[in-house]
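The block underneath contains the structure these notes are about, expressed in structure tokens.
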Amino acid sequence: MEFVSTRGGARAGAAEAVLRGLAPDGGLYVEAGLARRPFDWQSCLTLSSLGMAEKILSHLLPGFEDMGDLVRRAYAGKFETEDLTPLVGVGEDYMLELFRGPTSAFKDVALSMLPQLITAARRLEGVTDEILILTATSGDTGKAALEGFHDVEGTRITVFYPDGGVSPVQRAQMVTQEGRNVKVCAVRGNFDDCQTGVKAAFNAISASGALEGKGLRLSSANSINIGRLAPQVTYYFIAYAKLLGLGRIALGDPVDFAVPTGNFGDILAGYYARLMGLPVGRLICASNANRVLTDFLATGVYDKRRSFYRTSSPSMDILVSSNLERLLYLASEGDSALVRRLMESLNREGVYTLPQAPLEKIRSVFSGFCCGEEETLEVIGRLWRERHVLCDTHTAVAFSAAWAYRRQNAGGAPVVVLSTASPYKFPGAVLSAIGGHAEGDEFSQMEALERLTGVPIPRGLRGLRDKAPLHQDVIGREEILPYVLAQAGRQEV
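Structure representation (structure tokens):
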């Protein structure tokens, strides 16, 4: 089995695809025949969470030796609960808590695993070069990647985040990160500027061969890397198995999932689970005021030429959803020429229109909804008053989408809302939403939120206030490539 680029031409085995991150032609690695390759999803549901992860990753990334050992090293003892992602009932629906890892965000599930995969891939490919991980973050990926890769032998990591575009807690998590191999840099602009700059650096360095023979090669910890995306499939299986155990569904019954969506990786993992046979029903794509995905699902037109909003759910403040490219490839039956034209149009003109056939295939699974700032806060308050459930701003957007979908589909399948971050990562907004006073800095607000609710501050966030900043670089978006080259010990491409 091999991976191909969404834009055609490039091919790689699993280990090479994980090491590269981005294909040489700028495309994303994908397995076109995933739905045709048999997978025993039913027996997978009988396993422990770590057992599921081992079986799923062995299927998605064949060729890695002793995947069970890699999984144990990634997860054992690092999460608050043995099952990684607890499922909580919320009325007739459910909330899957994906924030019980070391950095209190869903990215921990993938980014605890990716360093293990990259280290193993280096061995399998006989690579002696150091791997320089380049990562753009809208908030949570950065800290989770830094936590996963710091002091991992044979790797360096550089994280770019939008200056002023992440919460103070998210920023503090990143700029206080220790480790001899880590670098963190703010970019004057938004997340799309960071992401575009990182991709451009990949492409420029690849085209020029600037690092060839220099003992260093690039990779990515963003979900453009198939090794980052694959571990996220596991928690869809975990959620389904838990619903079976509760007697809420029978084997084979569909389950719908509402996913707060920015870069499209988290919801795409649900589509991968569906391709592997798991009875995933609707995938409810929840957006905030940056509703480019909602409009795309409604019209088939992807148009980034619009106002950009900085919201209380910053990890969704994205206008270019990179992982959508993989869905376009799969929905078009592997038409890489079409995908390449669409991506070129998006890059050149800021817009593309998807042909009707692949659009209808996407619409057969995905539903899009959006939620503004006022409603986000209303949802947080309602959940706390009515259910005593404390959630963050991104999860609130997903609940809004789930409820909107339910109003159109009363009495349907159970809906699982993916809760992607601890409410303590956005304490000011959450505190205000439940009737508290958001005074002082965010660390004071965390303490006030804990006093008001009795919900404990996660261990990894509690001591942030006392940590000194170690990374204070700020650059323009046009400076990303020179910055990367400087980190690599090169002056130009």
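The sequence shown begins at 13 in the numbering used here and counts up by one.
Beta carbons are placed, not taken as given, at the ideal position from N, Cα and C, and that holds for glycine.
Using C-beta distances below 6 Å, list every residue in its chain close to residue i, excluding the 5 sequence neighbours before and after it, in chain order.
{"i": "Asp37", "result": "Ser17, Arg19, Gly21, Ala22"}
{"i": "Tyr106", "result": "Leu99, Val428"}
{"i": "Gly393", "result": "Ala445, Ile446"}
{"i": "Leu73", "result": "Ala26, Ala242"}
{"i": "Tyr341", "result": "Thr18, Val42, Val351"}
{"i": "Gly209", "result": "Arg489, Ile492"}
Report the three-state DSSP secondary structure of residue i (helix, strand or coil).
{"i": "Asp265", "result": "coil"}
{"i": "Lys254", "result": "helix"}
{"i": "Met107", "result": "strand"}
{"i": "Ala301", "result": "coil"}
{"i": "Val442", "result": "helix"}
{"i": "Ile130", "result": "helix"}
{"i": "Leu358", "result": "helix"}
{"i": "Leu57", "result": "coil"}
{"i": "Pro494", "result": "helix"}
{"i": "Tyr41", "result": "strand"}
{"i": "Ala198", "result": "strand"}
{"i": "Phe411", "result": "helix"}
{"i": "Arg23", "result": "strand"}
{"i": "Ala29", "result": "helix"}
{"i": "Ile279", "result": "helix"}
{"i": "Ser348", "result": "helix"}
{"i": "Asp329", "result": "coil"}
{"i": "Tyr321", "result": "coil"}
{"i": "Ala450", "result": "coil"}
{"i": "Ala422", "result": "coil"}
Please go through the same chain and pick out, in chain order, the residues whose beta-carbon is closer than 7 Å to the beta-carbon of residue i, but skip the five residues on each side of it.
{"i": "Pro509", "result": "Past the boundaries of the shown model lies residue 509; the chain is included only from 13 to 505, so the question cannot be answered."}
{"i": "Gln54", "result": "Leu263"}
{"i": "Gly227", "result": "Asp141, Glu142"}
{"i": "Gly384", "result": "Ala301"}
{"i": "Asp95", "result": "Ser61, Ile250"}
Please go through the same chain and pick out, in chain order, the residues whose beta-carbon is closer than 8 Å to the beta-carbon of residue i, but skip the five residues on each side of it.
{"i": "Val363", "result": "Val313, Tyr314, Asp315, Lys316, Arg317, Ser357"}
{"i": "Asp204", "result": "Lys316, Phe320, Ile330, Leu331, Val332"}
{"i": "Ser70", "result": "Phe76, Met79"}
{"i": "Thr273", "result": "Ile279, Cys297, Ala298, Ser299, Leu305, Met328, Ser333"}
{"i": "Gln420", "result": "none"}
Got a sec, what are the start and stop residues for the alpha helix (DSSP H) residue i sits in?
{"i": "Val83", "result": "79-87"}
{"i": "Gly307", "result": "Note that residue 307 corresponds to Asp in the displayed sequence, not to Gly. Where Asp307 is concerned, the enclosing alpha helix (DSSP H) stretches over 304-311."}
{"i": "Gly239", "result": "238-241"}
{"i": "Ser61", "result": "61-72"}
{"i": "Arg463", "result": "454-465"}
{"i": "Lys155", "result": "152-161"}
{"i": "Ser220", "result": "203-220"}
{"i": "Glu372", "result": "368-375"}
{"i": "Gly472", "result": "471-474"}
{"i": "Glu337", "result": "336-343"}
{"i": "Leu123", "result": "119-123"}
{"i": "Val187", "result": "180-187"}
Can you tell me whether residue i is buried or exposed, with buried defined as 16 or more other CB within 10 angstroms of its CB?
{"i": "Tyr41", "result": "buried"}
{"i": "Ile43", "result": "A quick correction: the sequence has Glu, not Ile, at residue 43. It counts as buried."}
{"i": "Gly1", "result": "The structure shown does not extend to residue 1, since the chain spans only 13 to 505, so no value can be given for it."}
{"i": "Pro326", "result": "buried"}
{"i": "Pro367", "result": "exposed"}
{"i": "Gly154", "result": "buried"}
{"i": "Leu473", "result": "buried"}
{"i": "Thr93", "result": "exposed"}
{"i": "Arg112", "result": "buried"}
{"i": "Gly63", "result": "exposed"}
{"i": "Glu337", "result": "buried"}
{"i": "Leu258", "result": "exposed"}
{"i": "Thr388", "result": "buried"}
{"i": "Met13", "result": "exposed"}
Could you give the residue range of the beta strand (DSSP E) that holds residue i?
{"i": "Tyr364", "result": "363-365"}
{"i": "Arg168", "result": "167-174"}
{"i": "Val428", "result": "427-431"}
{"i": "Thr506", "result": "Residue 506 lies beyond the range of the chain shown here (13 to 505); nothing can be said about it."}
{"i": "Arg229", "result": "228-232"}
{"i": "Ala148", "result": "142-148"}
{"i": "Val164", "result": "Unbroken run through Val164: none, as it is neither H nor E."}
{"i": "Val486", "result": "485-488"}
{"i": "Val245", "result": "Note, Val245: premise wrong, no beta strand (DSSP E); not H, not E."}
Kindly indicate if chain E contains any beta-carbon less than 8 Å away from that of residue i.
{"i": "Glu142", "result": "Structure shown: chain E not included; a single protein chain is present."}
Query raised in the report: Can at least three beta-carbon pairs, one atom from the stretch 179-189 and one from the stretch 482-491, be found at a separation below 8 Å?
Result: yes
Stretch-stretch touch, CB-based, cutoff 8 Å, three pairs: the stretch 448-465 with the stretch 283-291: no
Worksheet entry | Cβ contact check for the stretch 148-160 and the stretch 301-310: 3 or more pairs under 8 Å | no
Would you be able to state if there are at least three C-beta pairs under 8 Å between the stretch 112-125 and the stretch 79-99?
yes
If you pair each beta-carbon of the stretch 469-479 with each one of the stretch 140-152, do three or more pairs fall below 8 Å? no
### Query
Can we say the stretch 231-250 touches the stretch 273-280, given the rule of at least three CB pairs closer than 8 Å?
yes
Query raised in the report: Are the stretch 44-54 and the stretch 364-382 in contact at 8 Å, needing three or more beta carbon pairs?
Result: no
Practice problem: Give a yes or no on contact between the stretch 101-115 and the stretch 132-139, applying the rule of three or more CB pairs nearer than 8 Å. | Solution: no
Touch check for the stretch 58-70 and the stretch 246-255: three-plus C-beta pairs under 8 Å? yes
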